[in-house]
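**Q** Can you keep this structure in mind? I'll have questions shortly.
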Amino acid sequence: MAKMLIIDHEKCTGCRLCELVCSVYHSGVSNPTRSRIHIVKFYNQGIYIPMVCQQCKDAACMAVCPKDAIYRDAELGRVMINYDLCIGCKMCVAACPFGGMGVDKEGTVIKCDLCDGDPQCVRFCDMKAVDYVEASTVNVRKKREAVEDLAGLMSKFVG
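Each residue of the sequence shown is one higher than the last, beginning at 412 in this note's numbering.
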């Protein structure tokens, strides 16, 4: 069965350890700019929100890719990039409503690949703000509610 990440922003302390372990796992360097997960900080409100690819069912990034380089992996249900097909147009980055895709310093599009089924952000988050769970109906509902809460929260601060 497919699995998914669930984020609980109320548990996040903004320590950014998830960013560091992600960058080390994928790039071999401890550099948050190379991470696939990013902490959005609202310092005045004391709120930290982990932002990562939501592995959307109807992924906008897949729909806009002119080369069909973005696909869903059948084994884990994750949205993946075929770098042999990717032309680097970055339309997927612009299309993602969650900011779940980024561009590294070489200009390559990057996104969460769930660390091949063993997400490092989950393993190292002491506060358990990030969890990797079966994509059951209940968990999909929880994720949808969390995304709706996030949208409401963001609209308060971003306008």
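Where is the CB? At the ideal position from N, CA and C, for every residue including glycine.
Ends of the beta strand (DSSP E) at R483?
**A** Taken as a continuous stretch (DSSP letters only), the beta strand (DSSP E) holding R483 covers I481 to R483.
**Q** Can you tell me which of the three DSSP states Y459 falls into?
**A** If DSSP states are grouped into helix, strand and coil, Y459 belongs with the strands.
**Q** Per DSSP, G513 is paired with what?
**A** Note: G513 sits in a beta bridge opposite I521.
**Q** In its own chain, which residues sit with a C-beta less than 7 Å from the C-beta of G518, not counting the 5 before and 5 after it?
**A** Here the set comprises G499.
**Q** Starting from V451, trace the beta strand (DSSP E) in both directions and tell me its first and last residue.
**A** Where V451 is concerned, the enclosing beta strand (DSSP E) stretches over H449 to F453.
**Q** Which residue marks the beginning of the alpha helix (DSSP H) containing L487, and which one marks its end?
**A** Premise fails: L487 is in no alpha helix (DSSP H) and is neither H nor E.
**Q** Could you tell me which of Y459, G511, A470 and A480 sits nearest to K422, measuring between CA atoms?
**A** The option with the nearest alpha carbon to K422 is Y459.
**Q** Given this structure, state the Cα-to-Cα distance separating C507 from R447, to the nearest angstrom.
**A** When rounded, the distance between both Cα atoms is 14 Å.
**Q** Taking only the alpha-carbon atoms, compute the straight-line gap between C503 and V475 and give it to the nearest angstrom.
**A** C503 and V475: Cα-Cα distance of roughly 6 Å.
**Q** Near A470, which residues of its chain fall below 6 Å by C-beta distance, leaving aside the five closest residues on each side in sequence?
**A** Once the five neighbours on either side are set aside, the close Cβ partners of A470 are V490.
**Q** Can you tell which of V451, A413 and D419 has the C-alpha that lies nearest to the C-alpha of E430?
**A** For the residues V451, A413 and D419, the minimum Cα distance to E430 belongs to V451.
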